[in-house]
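A.B. asks: In full-length UniProt numbering, the protein residues as written are 1 to 423.
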Amino acid sequence: MRDISILHDLLKKQCPNLHAKRLSSLMIATQSLLDGQQLSLTELGRNISGSVAPKHNIKRIDRLLGNSNLHNERLDIYRWHAKLLCGANPMPVVLVDWSDVREQLRHSTLRASVSVQGRSVTLYERVFSFAEYNSPVSHNPFLRVLASILPSGCCPLIVTDAGYRNPWFREVEKHGWFWLGRVRGDVGFKRDGQALWQSNKSFYPSANSRAKYLGCGQLGRKSPLHAHLHLYKAKAKHRKDNRSSKAGRNHTAQQSYRAGSKEPWLLATNLPENDKLNSKQLVSFYARRMQIEETFRDIKSPQYGMGLRHSNSRCTKRFDILLLIAMLAEWLLRLLGIIAVKQNWERAFQANTIRNRRVLSIIRLGREVRKRAKDYKMNSAQITWAVLTITAPIYYLGSQRREAYSMRGSPSAQGCGRSKMEI
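(1) Can you tell me whether Ala-329 is buried or exposed, with buried defined as 16 or more other CB within 10 angstroms of its CB?
(2) Counting only the same chain and skipping the five closest in sequence on each side, list residues whose C-beta sits under 7 Å from that of Trp-345.
(3) Which of the three DSSP states, helix, strand or coil, is assigned to Gln-216?
(4) Just to check my reading of the structure: Leu-34 and Leu-332 have Cβ atoms closer than 8 Å, yes? What is that Cβ distance to the nearest angstrom?
(5) Return helix, strand or coil for Ser-5, following the three-state DSSP convention.
(6) Taking C-beta to C-beta, are residue 424 and Phe-189 nearer than 7 Å?
(7) Could you spell out the range, first to last residue, of the beta strand (DSSP E) harbouring Ile-48?
(8) Would you mind stating whether His-71 and Lys-317 have Cβ atoms separated by less than 7 Å?
(9) Using the Cβ count rule (16 or more neighbours within 10 Å means buried), how would you classify Gly-185?
(10) Could you give the DSSP three-state label for Thr-160: helix, strand or coil?
(11) Are the CB atoms of Tyr-286 and Leu-271 within a distance shorter than 7 Å?
(12) Would you please state the rounded distance, in angstroms, between the beta carbons of Trp-98 and Asn-140? I believe it to be under 8 Å.
(13) Say whether the stretch 377-392 touches the stretch 2-13, bearing in mind that this needs 3 or more beta-carbon pairs closer than 8 Å, one atom from each stretch.
(14) Compute the Euclidean distance between the alpha carbons of Gln-147 and Leu-229, then round it to the nearest angstrom.
(15) Cα separation between Glu-422 and Thr-160?
(16) Is there contact here, the stretch 276-295 with the stretch 113-128, by at least three beta-carbon pairs under 8 Å?
(17) At what residue ranges does the stretch 174-227 contain a whole run of the beta strand (DSSP E), taking only runs of 3 or more?
(18) Between Thr-109, Leu-150, Ser-115, Leu-143, which has its C-alpha nearest Phe-130's C-alpha?
(19) Are the CB atoms of Leu-44 and Leu-308 within a distance shorter than 7 Å?
(20) In three-state DSSP terms, what is Ala-373?
(21) Taking DSSP as the reference, what is the three-state secondary structure of Arg-74?
(22) Quick check on the DSSP output: what are the complete alpha helix (DSSP H) runs of length 4 or more inside the stretch 325-376, in order along the chain?
(23) Comparing alpha-carbon positions, which option in Gly-305, Lys-13, Phe-128, Leu-157 lies nearest Gln-281?
(24) Tell me whether Arg-144 is buried or exposed, calling it buried when 16 or more other Cβ atoms sit within 10 Å of its Cβ.
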């Protein structure tokens, strides 16, 4: 299959600053990951095909992961990928979240991604040590690099969970962007024109399955930030915990997740209330946040993904290169999966006869098709079509949001400026 050669030619054209030898080694590592599905230094080396001994291939991957020049040049690849996804989208919904890379080594990755067909696609990610976790030390440089990666004219809506507070939102506003986050804990809110502070929990009793706008005002007593609040509570899903052990069911983490799922969504944003961009749509934007968790599983899980959890690397910069390789591999698998759906090949890979919905994810379907490349032929024209299929819905949704919201009255309108919004 010519997928690797097509990606090589594309990156060579779109990223001219990327050294030819490093690009070649990067493509070999990507192909090794696609063939072996194991994202670790030794497994990438062992799964390289050819007559070279595995020992020397492992050393080759070791030099690639530790190459400081590639660590700098990788930003060009992220810029190309961001331009592909957001170049025609003036207001993409960007999901941002933390995830453990290696729990034992206390390394975490901070990722920004966009939602595409039920899964999030990475725009940029970086690994930090535990000492920098969820703090301005990591957040501020991450946002600065993200701003340099996003194409000009792009003013994203940054969606985060309840772990992000006012310092993060202020930093987002400095870049002239919009933000949307959940308010949990005990946070004060004072409506504009009123002197009385209210607890965020005082709004919970009135929550129901119809999203509603609560008004605007100051959020947070110690360091107030102007925000608009929206309230929503999803209907009960009546799920059952079928864990085999009581220890698993009664773990403190499970209790916390259970309580959080029953709590209403109190969403704060700097987007003013608008007839075309209303509370219901903002709730749907926030609901996509779970897709980034599924993408983390696609990379870390040894059973369902690429097995990053088994990597024994200890340097954050080496993990950055491993995640870059994973992003390129996922990009190719997504294209192959989209082509497989178009050609109606997906039924051949199911373990059942369900026909009213897709059973396998696009990534898993692409992986299965690639295993049987001799039986399922693809050409360059089909891959080009698949790229357009990915970007078309992103552009369509972005155009709708841009038309629905004209920036007037936004607290961050001065930050975006004219140059930020011209397409």
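We put the beta carbon where it would ideally sit given N, CA and C, even for glycine.
C.D. replies: From the atom records:
(1) Against the sequence shown, residue 329 aligns to sequence position 329. With 16 or more Cβ atoms within 10 Å of its Cβ, Ala-329 is classed as buried.
(2) Residue mapping note: residue 345 aligns to position 345 of the sequence shown, counting from 1. Correct list, in chain order: Val-369, Tyr-376.
(3) One-based indexing of the sequence shown puts residue 216 at position 216. The amino acid occupying residue 216 in the given sequence is Cys; Gln does not appear at that position. If DSSP states are grouped into helix, strand and coil, Cys-216 belongs with the strands.
(4) Taking the first residue of the sequence shown as 1, we reach residue 34 at position 34. Taking the first residue of the sequence shown as 1, we reach residue 332 at position 332. So it is a contact: roughly 7 Å between Cβ atoms.
(5) Walking along the sequence shown from the start, residue 5 turns up at place 5. Reduced to three states, the DSSP call for Ser-5 is helix.
(6) As displayed, the chain neither begins before 1 nor continues past 423, which places residue 424 out of reach and without an answer.
(7) Position 48 of the sequence shown holds residue 48. Careful: Ile-48 lies outside any beta strand (DSSP E) and carries neither H nor E.
(8) Here residue 71 refers to the residue found at position 71 of the sequence shown. Here residue 317 refers to the residue found at position 317 of the sequence shown. In terms of Cβ geometry, His-71 and Lys-317 form a close pair [threshold 7 Å].
(9) Mapped onto the sequence shown, residue 185 falls at position 185. Gly-185 is exposed by the Cβ-count criterion.
(10) By 1-based counting over the sequence shown, the position of residue 160 is 160. Coil, per DSSP.
(11) For the purposes of this step, residue 271 is identified with residue 271 of the sequence shown, where counting begins at 1. For the purposes of this step, residue 286 is identified with residue 286 of the sequence shown, where counting begins at 1. No, the pair does not count as a contact, with Cβ atoms beyond the cut-off.
(12) The residue labelled residue 98 in the question sits at position 98 within the sequence shown. The residue labelled residue 140 in the question sits at position 140 within the sequence shown. Trp-98 to Asn-140, Cβ: 15 Å. No contact.
(13) yes
(14) Locating residue 147 in the sequence shown gives position 147, where the first residue counts as 1. Locating residue 229 in the sequence shown gives position 229, where the first residue counts as 1. It is Ala, not Gln, that sits at residue 147 in the sequence shown. When rounded, the distance between both Cα atoms is 26 Å.
(15) As a first step, residue 422 must be located in the sequence shown, where it is residue number 422. As a first step, residue 160 must be located in the sequence shown, where it is residue number 160. For Glu-422, the predicted model reports a pLDDT of 28, less than 50, meaning its position is unreliable; a value from the coordinates is still stated below. The alpha-carbon atoms of Glu-422 and Thr-160 are separated by roughly 26 Å.
(16) yes
(17) 178-182, 188-191, 212-219
(18) By one-based count along the sequence shown, residue 130 stands at place 130. Distance from the Cα of Phe-130 is smallest, within the candidate group Thr-109, Leu-150, Ser-115, Leu-143, for Thr-109.
(19) If you number the sequence shown from 1, residue 308 lands on position 308. If you number the sequence shown from 1, residue 44 lands on position 44. Contact: no.
(20) In the sequence shown, counting from the first residue as 1, residue 373 sits at position 373. Here Ala-373 sits in coil by DSSP.
(21) Taking the first residue of the sequence shown as 1, we reach residue 74 at position 74. Reduced to three states, the DSSP call for Arg-74 is helix.
(22) 362-371
(23) For the purposes of this step, residue 281 is taken as the residue at position 281 of the sequence shown. For the options Gly-305, Lys-13, Phe-128, Leu-157, the alpha carbon positioned closest to that of Gln-281 is the one of Leu-157.
(24) Taking the sequence shown and counting its residues from 1, the one referred to as residue 144 is at position 144. Flag for Arg-144 reads exposed.
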